[in-house]
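The numbering of the sequence shown is this note's numbering, which starts it at 1 and goes up by one.
Just so it is clear, CB atoms sit at the ideal spot from N, CA and C, and this is done for glycine as well.
Structure, as structure tokens:
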Amino acid sequence: MALPTDFLIVGGGIGGLVLAELVGRGGKRVVVLERSAGPPPWNRPEVLWPATIELLSSLVPESNWKEQAAVPLAGVKLWTGKHFAWAFSPELLERAGVHPWSTDPNQSRELLMRLGSFELHRGVEVKSVLKEGGRIVGVQAHDISAGQDRDWLAEITVGDDGANSLVRAASGIELAARVFPRDLVCFQCDWPASLQRNAGHLWPNLARPQSGILAVGLLPAPGPRGMGVIPTSPTLSHDQPRADREWQALIQTEPTLDALMSVRKFPDDFQRVRRPWGHASRYGAPGALLMGDAAHPVSPAGGQGANMSIADGRAIAELALAGERDLLAAYERNRRPANRRSLRFTRGAAFVFGLPEWLLPPSLLFWLVRQFGTRPWLLSRFIRAASTAFVARGSVAKYDRRKSSLTQA
Ligand SMILES: Cc1cc2nc3c(=O)[nH]c(=O)nc-3n(C[C@H](O)[C@H](O)[C@H](O)COP(=O)(O)OP(=O)(O)OC[C@H]3O[C@@H](n4cnc5c(N)ncnc54)[C@H](O)[C@@H]3O)c2cc1C
Numbered sequence: 001m002a003l004p005t006d007f008l009i010v011g012g013g014i015g016g017l018v019l020a021e022l023v024g025r026g027g028k029r030v031v032v033l034e035r036s037a038g039p040p041p042w043n044r045p046e047v048l049w050p051a052t053i054e055l056l057s058s059l060v061p062e063s064n065w066k067e068q069a070a071v072p073l074a075g076v077k078l079w080t081g082k083h084f085a086w087a088f089s090p091e092l093l094e095r096a097g098v099h100p101w102s103t104d105p106n107q108s109r110e111l112l113m114r115l116g117s118f119e120l121h122r123g124v125e126v127k128s129v130l131k132e133g134g135r136i137v138g139v140q141a142h143d144i145s146a147g148q149d150r151d152w153l154a155e156i157t158v159g160d161d162g163a164n165s166l167v168r169a170a171s172g173i174e175l176a177a178r179v180f181p182r183d184l185v186c187f188q189c190d191w192p193a194s195l196q197r198n199a200g201h202l203w204p205n206l207a208r209p210q211s212g213i214l215a216v217g218l219l220p221a222p223g224p225r226g227m228g229v230i231p232t233s234p235t236l237s238h239d240q241p242r243a244d245r246e247w248q249a250l251i252q253t254e255p256t257l258d259a260l261m262s263v264r265k266f267p268d269d270f271q272r273v274r275r276p277w278g279h280a281s282r283y284g285a286p287g288a289l290l291m292g293d294a295a296h297p298v299s300p301a302g303g304q305g306a307n308m309s310i311a312d313g314r315a316i317a318e319l320a321l322a323g324e325r326d327l328l329a330a331y332e333r334n335r336r337p338a339n340r341r342s343l344r345f346t347r348g349a350a351f352v353f354g355l356p357e358w359l360l361p362p363s364l365l366f367w368l369v370r371q372f373g374t375r376p377w378l379l380s381r382f383i384r385a386a387s388t389a390f391v392a393r394g395s396v397a398k399y400d401r402r403k404s405s406l407t408q409a
């Protein structure tokens, strides 16, 4: 018996929404169930790379992205202790041929949720999966405002439900997750008038190398707003007086940072994220597929997670619309090598940030960034690697030629 829905997507993450729109446009019946009733309350920034931008711009006009969710990034500036200098300059990005966007993830998801090729139910939390003869045939979900439970049946259930995926656990798929050794303390703010509007800014903690607060990073968002991340030692929060002292010492090193932060208490007035990372042993089970953080949670290193999730969504859509019979095997073949490449950024960062404080003063990181700066070819290679790691190798040429037959359909 044919089930009423072709694709039932659990979680309205960025990749799941892209998948929903692409297969919906291809004529499939698609339902998305998203737990939160409104926009997610995230404060974090998300850098998106050109292959992702090209796909997103084929779904929502580029002008809408720029008005509501994205700022084209000219480069990243570094506080040297005396002034800001380019760490990644506009010339360097030009030379690498990479033009990233800095985005507000809440607004990106809102823009995608407004697309019309799928049925979206917000405020609906999936509680368990339904199985028949060992195959997943849908989910049971709770409609939070109506206070009612309901079964949703589908040919394929897709878990885009984040790092602690219920679909993954219910499918019996293992993911040996490790915890990223730094907490990510996130914030939003109005964009300071004294900072260049379309550039990221980084304040390394040069004055107090072993304070447990590595740096403050800030990226632009439309508004003009800013969204930032502060990598912090997890043990710092155990000693609030010390955290206060170290925080004050850091922000007083630069007037803009001081003006921006002196009104906030650290870390209580921020959103603290502890990130697991790892790679699922399989990307699905009979009747179910995993994508995005549900299949491969990562840290922000290299700006990969959202880009990987969107690439997963695109791959599933292309394979499904091409009539692929063994969707899981083909999806796994297509995406696992690329996702493994992307995970290397997190693996490397976890190693470096996991070193004892005395081995990893921010001044060393600062020195490394400056050394990179004197070798533009090296930086340029790094940026190209980060901007294409998540793209399946067979698709790189296609992206480069700026073609997308699927999304033009
Ligand atoms: C500080 C920080 C900075 C980052 N910076 C970048 C960056 O610069 N570039 C980049 O590419 N990535 C970045 N990432 C990673 C990126 O944000 C994630 O990898 C990305 O959001 C994953 O998207 P997703 O589609 O897998 O799902 P998610 O965005 O994790 O969404 C999952 C959705 O599922 C919903 N959900 C969960 N459980 C249920 C349930 N039971 N029922 C219904 N709904 C459910 C949730 O409400 C959520 O909306 C960053 C992450 C952090 C923490």
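Could you compute how far the alpha carbon of residue i sits from the alpha carbon of residue j?
i, j, result
"Ala317", "Leu22", "6 angstroms"
"Arg384", "Glu94", "11 angstroms"
"Arg274", "Pro45", "15 angstroms"
"Arg272", "Asn43", "10 angstroms"
"Leu328", "Leu364", "44 angstroms"
"Ser128", "Pro181", "31 angstroms"
"Glu357", "His296", "28 angstroms"
"Val352", "Glu132", "46 angstroms"
"Glu62", "Ala176", "38 angstroms"
"Trp79", "Pro209", "15 angstroms"
"Phe345", "Gly292", "16 angstroms"
"Phe88", "Phe372", "9 angstroms"
"Glu54", "Met308", "14 angstroms"
"Arg225", "Gln188", "7 angstroms"
"Val414", "Asp244", "Only positions 1 to 409 of the chain appear in this structure, which leaves residue 414 out of reach."
"Asp190", "Leu236", "27 angstroms"
"Gly323", "Asp6", "13 angstroms"
"Ser404", "Val298", "Here the model assigns Ser404 a pLDDT of 45, short of 50, so the residue's position is not dependable and the matter cannot be decided."
"Thr52", "Glu254", "35 angstroms"
"Arg325", "Thr374", "51 angstroms"
"Met113", "Phe390", "23 angstroms"
"His99", "Ser57", "14 angstroms"
"Trp367", "Asn64", "39 angstroms"
"Val139", "Arg347", "34 angstroms"
"Asp151", "Gln304", "34 angstroms"
Roughly how far, in whole angstroms, is the beta-carbon of residue i from the beta-carbon of residue j, given that I think they are within contact range, below 8 angstroms?
i, j, result
"His279", "Leu343", "6 angstroms"
"Leu111", "Val60", "5 angstroms"
"Asp161", "Val126", "7 angstroms"
"Ala215", "Pro241", "Rounded, the Cβ-Cβ distance is 22 angstroms, inconsistent with contact."
"Leu48", "Trp101", "5 angstroms"
"Pro105", "Ala294", "No, Pro105 and Ala294 are not in contact; Cβ-Cβ is about 16 angstroms, not under 8 angstroms."
"Phe84", "Gly24", "Actually they do not touch by this definition, with Cβ atoms about 45 angstroms apart."
"Pro276", "Arg178", "7 angstroms"
"Gln107", "Ala69", "4 angstroms"
Taking 8 angstroms as the limit between beta carbons, can you name the residues of its chain near residue i, skipping five residues before and five after?
i, result
"Arg109", "Gly12, Gly13, Ile14, Leu17, Pro39 and Pro40"
"Pro4", "Arg29, Leu153 and Ala154"
"Leu92", "Gly75, Trp86, Pro376, Leu379, Ser380 and Ile383"
"Ala392", "Ala311, Ala315, Asn334, Arg335, Pro337 and Ala338"
"Leu319", "Leu327, Ala330, Tyr331 and Asn334"
"Asp258", "Ile251 and Gln252"
"Gly394", "Asn334"
"Glu67", "Pro222"
Starting from the C-beta of residue i, find all residues in its chain whose C-beta is less than 7 angstroms away, skip the five residues before and the five after it, and write them out in chain order.
i, result
"Asn198", "Val71, Pro72, Leu73, Ala74 and Pro220"
"Arg135", "Pro286 and Gly287"
"Asn164", "none"
"Met227", "Asn43, Arg44, Pro45, Asp104, Gln188, Leu219 and Ala221"
"Ala349", "Ser299 and Ala301"
Residue j and residue i - do their beta-carbons sit closer together than 7 angstroms?
i, j, result
"Thr157", "Leu321", "no"
"Pro192", "Leu250", "no"
"Ala141", "Leu33", "yes"
"Ile173", "Arg282", "yes"
"Leu202", "Gly217", "yes"
"Val31", "Gly159", "no"
"Leu195", "Gly81", "no"
"Ala386", "Gly302", "yes"
"Trp247", "Phe266", "yes"
"Asp268", "Pro234", "no"
Are there any heavy atoms of ligand 2 lying less than 6 angstroms away from the beta-carbon of residue i, as far as the coordinates show?
i, result
"Cys186", "Annotation note on ligand 2: not contained in the displayed structure, which lists ligand 1 as its ligands."
Can you list, in chain order, the residues of its chain whose CB lies under 6 angstroms from that of residue i, leaving out five sequence neighbours each side?
i, result
"Ser145", "Gly123"
"Glu332", "Tyr283"
"Val263", "none"
"Arg35", "Glu125"
> Can you list the alpha helix (DSSP H) stretches of 4 or more residues lying completely in the stretch 67 to 152, in chain order?
Replying inline: Those alpha helix (DSSP H) runs which fall completely within the stretch 67 to 152 and span 4+ residues are 90 to 96 and 105 to 113.
>> In chain order, what are the residue ranges of uninterrupted beta strand (DSSP E) at least 3 long that sit wholly in the stretch 285 to 366?
In response: The qualifying runs are 288 to 290.
> Enumerated in chain order, which unbroken segments of the beta strand (DSSP E) with a length of 3 residues or greater are wholly contained in the stretch 153 to 225?
Replying inline: For the stretch 153 to 225, whole beta strand (DSSP E) runs of length 3 or above, ordered along the chain, are 156 to 159, 183 to 190, 199 to 204 and 215 to 221.
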